[in-house]
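Undergrad: Numbering (the UniProt record's numbering), first residue to last: 1 to 485.
Quick reminder that beta carbons are idealized off the backbone N, C-alpha and C, glycines included.
One structure, as structure tokens, below. Some questions next.
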């Protein structure tokens with residue numbers, strides 16, 4: 001009975017995470033896009049659900065939820081499911097989609113081509129393991145869980161370290177009022193006027209393109225002999241009098257090229273307007289109670305950034321104790337100092353839950369910066385399956401991130417709870433390496449992020465106004481065209 005209830009609980013949790021992933025894609029990355037692929041969305045939601053389930057299983061281990069045999073079975077199912085999706089399903093389907101947009105080929109030919117690409121991917125993935133540090137020697141064969149997890153872990157740790165290093169610096173930078181740039185209302189209005197002007201030019205261009213297409217069809221239907229001195233010819237002579245294409249088809253191509261340029265300018269202006277409004281709201285919020293609280297949190301995160309970089313450097317030089325619990329150490333130290341030894345708590349039990357909260361917070365912050373950058377990329381893509389291909393790429397990154405996070409989280413899990421986790425990951429591995437690998441990359445990423453933000457801040461001091469995106473040649477040419485029309 002207990003096993004059945006545990007199975008139903010795990011099934012409900014995975015289904016709930018699947019729905020959250022589905023909704024997240026609809027209301028975040030897919031929000032402003034007409035291009036939606038439900039197969040891609042389903043793959044993302046499954047990977048997201050299994051990734052969340054890995055972290056939830058750690059919580060189950062600590063809290064003793066579920067029958068141990070059912071919990072072990074769920075460990076194996078989740079890890080195996082993620083590996084099959086990351087190494088088989090996603091690479092094949094991603095290749096299939098890219099080839100389907102590359103040309104007019106039959107589905108059977110596309111499937112065969114995607115199969116060849118997948119086999120090449122698997123060959124490179126396995127051969128790469130011979131050169132990657134931290135991958136154990138395949139004494140019992142290469143097609144073992146330990147070999148797959150170690151390869152995914154090395155690559156995923158690389159991604160986690162870079163994202164975490166960037167987030168550790170970017171979060172204090174975004175919270176501290178010291179780095180808030182004052183944005184006035186007239187700056188937002190000026191940017192909105194630029195955007196409206198560009199959008200009106202886009203509308204005018206679309207009307208002219210429709211007229212030009214209608215005129216081309218009329219000339220084709222009349223054989224091109226009549227109406228050659230009609231409205232289209234006058235339009236061509238008036239607009240392209242300086243030597244540009246004077247044929248109807250050439251003029252149509254020129255109009256479409258101008259429209260494409262204006263649409264790109266409009267998308268850039270929309271992004272800059274959103275950033276400008278966000279910066280103004282941030283400046284207004286900094287003067288409120290919530291802003292003061294965020295400022296205090298920013299100073300706290302700054303101290304954490306310094307401590308994290310110091311601890312990474314220390315671990316690289318003197319090594320790291322995987323059996324230690326830094327959260328428990330600081331919790332016991334704080335309790336002794338604040339209560340003068342009078343308050344007695346089970347530090348090990350409390351630190352376990354605080355560790356999970358701490359890990360979740362850092363994971364969310366490190367993914368936050370990545371998703372914000374990804375949303376900017378999504379705003380510039382349209383058509384051709386580009387958005388869905390980016391979602392597939394995000395799905396791969398999420399899966400690699402989840403497995404690597406589990407390898408790193410293992411350090412903060414007490415020894416008595418690691419048995420099932422180690423069995424699901426393929427047995428004993430050099431877990432010390434993953435932490436050395438993470439610390440080195442984290443330190444490099446955080447240092448580069450500090451340099452980037454410092455350079456950005458120094459550049460902002462010389463320019464009190466946020467930059468606006470203008471294109472004088474395009475705007476000027478459009479104005480001349482509009483006046484001649």
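I think residue 437 touches residue 129, with their Cβ atoms under 8 angstroms apart; what is that distance to the nearest whole Å?
TA: Actually they do not touch by this definition, with Cβ atoms about 14 angstroms apart.
Undergrad: From 109, 95, 112, pick the residue whose C-alpha is nearest to that of residue 121; which is it?
TA: Of the candidates 109, 95, 112, the one whose C-alpha sits nearest the C-alpha of residue 121 is 95.
Undergrad: Touching or not, the stretch 298-311 and the stretch 435-449, by the rule of three or more beta carbon pairs under 8 angstroms?
TA: They touch, by the three-pair rule.
Undergrad: Measure the CB-CB distance between residue 446 and residue 183 and report whether it falls below 8 angstroms.
TA: No, the pair does not count as a contact, with Cβ atoms beyond the cut-off.
Undergrad: Check whether the stretch 11-27 touches the stretch 48-65, counting contact only when three or more Cβ pairs, one atom from each stretch, lie closer than 8 angstroms.
TA: Touching, yes, given that three or more Cβ pairs across the two stretches are closer than 8 angstroms.
Undergrad: How big is the Cα-Cα spacing for residue 57 and residue 71?
TA: About 8 angstroms.
Undergrad: Quick one, which of 401, 63, 173 has its alpha-carbon nearest residue 83's?
TA: Of the listed residues, the one whose Cα sits closest to residue 83 is 401.
Undergrad: Starting from the C-beta of residue 410, find all residues in its chain whose C-beta is less than 7 angstroms away, skip the five residues before and the five after it, and write them out in chain order.
TA: The residues are 418, 421, 431.
Undergrad: Might you give, ordered along the chain, the residues of its own chain that have their beta carbon closer than 7 angstroms to the beta carbon of residue 424, omitting 5 neighbours on each side?
TA: Contacts found: 75, 76, 79.
Undergrad: Alpha carbons only, please: which of 200, 270, 177 is nearest the one belonging to residue 293?
TA: Minimum Cα distance to residue 293 is reached at 177.
Undergrad: Between which two residues does the alpha helix (DSSP H) holding residue 198 run?
TA: Taken as a continuous stretch (DSSP letters only), the alpha helix (DSSP H) holding residue 198 covers 185-221.
Undergrad: Go through its chain and collect everything with a Cβ distance to residue 383's Cβ below 6 angstroms, but skip five positions before and after it.
TA: With a pLDDT of 49 at residue 383, under the threshold of 50, the modelled position of that residue is not reliable, and the figure given next carries that caveat. Taken in chain order, the list of residues that qualify is empty.
Undergrad: Would residue 283 pass as a contact of residue 180 if the rule is Cβ separation under 8 angstroms?
TA: Yes; because the gap between Cβ atoms is below 8 angstroms, this pair is in contact.
Undergrad: Buried or exposed for residue 64, going by 16 or more other Cβ atoms inside 10 Å?
TA: Flag for residue 64 reads exposed.
Undergrad: Less than 8 angstroms separating the beta-carbons of residue 175 and residue 26?
TA: No; because the gap between Cβ atoms is not below 8 angstroms, this pair is not in contact.
Undergrad: May I have the straight-line CA-CA distance separating residue 192 from residue 273, to the nearest angstrom?
TA: Their backbone Cα atoms lie some 7 angstroms apart in a straight line.
Undergrad: Helix, strand or coil for residue 182? Go by DSSP, reduced to three states.
TA: Here residue 182 sits in coil by DSSP.
Undergrad: For my contact list, residue 157 and residue 434 are in at a C-beta cut-off of 8 angstroms; report their separation, rounded to the angstrom.
TA: Confirmed, about 5 angstroms.
Undergrad: Taking C-beta to C-beta, are residue 499 and residue 132 nearer than 8 angstroms?
TA: Residue numbering for the chain in the displayed model covers 1 to 485; residue 499 lies beyond these limits and cannot be assessed.
Undergrad: Using alpha carbons as the reference points, say which of 173, 167, 264, 81 lies closest to residue 52.
TA: Ranking the options by Cα distance to residue 52, first place goes to 81.
Undergrad: May I ask which residues mark the beginning and end of the alpha helix (DSSP H) holding residue 574?
TA: Given that the chain is displayed from residue 1 to residue 485, the structure contains no residue 574 and the question cannot be resolved.
Undergrad: When you compare only the Cα positions, how much space is there between residue 505 and residue 303?
TA: The chain is shown from 1 up to 485; residue 505 falls before or after that span and cannot be answered.
Undergrad: Check whether the Cβ atoms of residue 426 and residue 145 sit closer than 8 angstroms, and answer yes or no.
TA: Yes. Within cutoff.
Undergrad: Does residue 54 pass the burial test, meaning 16 or more other C-beta atoms within 10 Å, or should it be called exposed?
TA: Residue 54 comes out buried.
Undergrad: My understanding is that residue 405 touches residue 160, with C-beta atoms under 8 angstroms, so please give their C-beta distance in whole angstroms.
TA: Sure, about 6 angstroms apart at Cβ, within 8 angstroms.
Undergrad: Can you give the Cα-Cα distance for residue 194 and residue 185, rounded to whole angstroms?
TA: Cα-Cα distance, rounded: 15 angstroms.
Undergrad: I'd like the span of the alpha helix (DSSP H) that includes residue 491, first residue to last.
TA: Here the chain comprises residues numbered 1 to 485, so residue 491 is not present and cannot be evaluated.
Undergrad: Tell me, to the nearest whole angstrom, how far the beta carbon of residue 6 is from that of residue 67; I am working on the premise that it is less than 8 angstroms.
TA: Correct: roughly 5 angstroms between the Cβ atoms.
Undergrad: What three-state label does DSSP hand residue 143 in the structure shown?
TA: Coil, per DSSP.
Undergrad: Compute the Euclidean distance between the alpha carbons of residue 251 and residue 143, then round it to the nearest angstrom.
TA: Roughly 60 angstroms between the two C-alpha positions.
Undergrad: Taking its Cβ as the centre, do 16 or more other Cβ atoms sit within 10 Å of residue 510, making it buried, or is it exposed?
TA: With the chain covering 1 to 485 only, the question about residue 510 has no answer from this structure.
Undergrad: Spatial neighbours of residue 111 within its chain, please: C-beta separation below 7 angstroms, excluding the five flanking residues on both sides.
TA: Here the set comprises 96.
Undergrad: Could you tell me the alpha carbon to alpha carbon distance between residue 450 and residue 459, rounded to whole angstroms?
TA: Each residue's Cα considered, the two are about 14 angstroms apart.
Undergrad: For residue 9, collect the residues of the same chain with a Cβ closer than 6 angstroms to its Cβ; drop the 5 residues on either side in sequence, then sort them by chain order.
TA: Excluding residues within five positions, none has a Cβ falling inside 6 angstroms.
Undergrad: Should residue 305 go down as buried or exposed, given a rule of 16 or more other Cβ atoms within 10 Å for buried?
TA: So residue 305 ends up on the buried side.
Undergrad: Starting from the C-beta of residue 37, find all residues in its chain whose C-beta is less than 6 angstroms away, skip the five residues before and the five after it, and write them out in chain order.
TA: Within the same chain, residue 37 has close Cβ partners 388.
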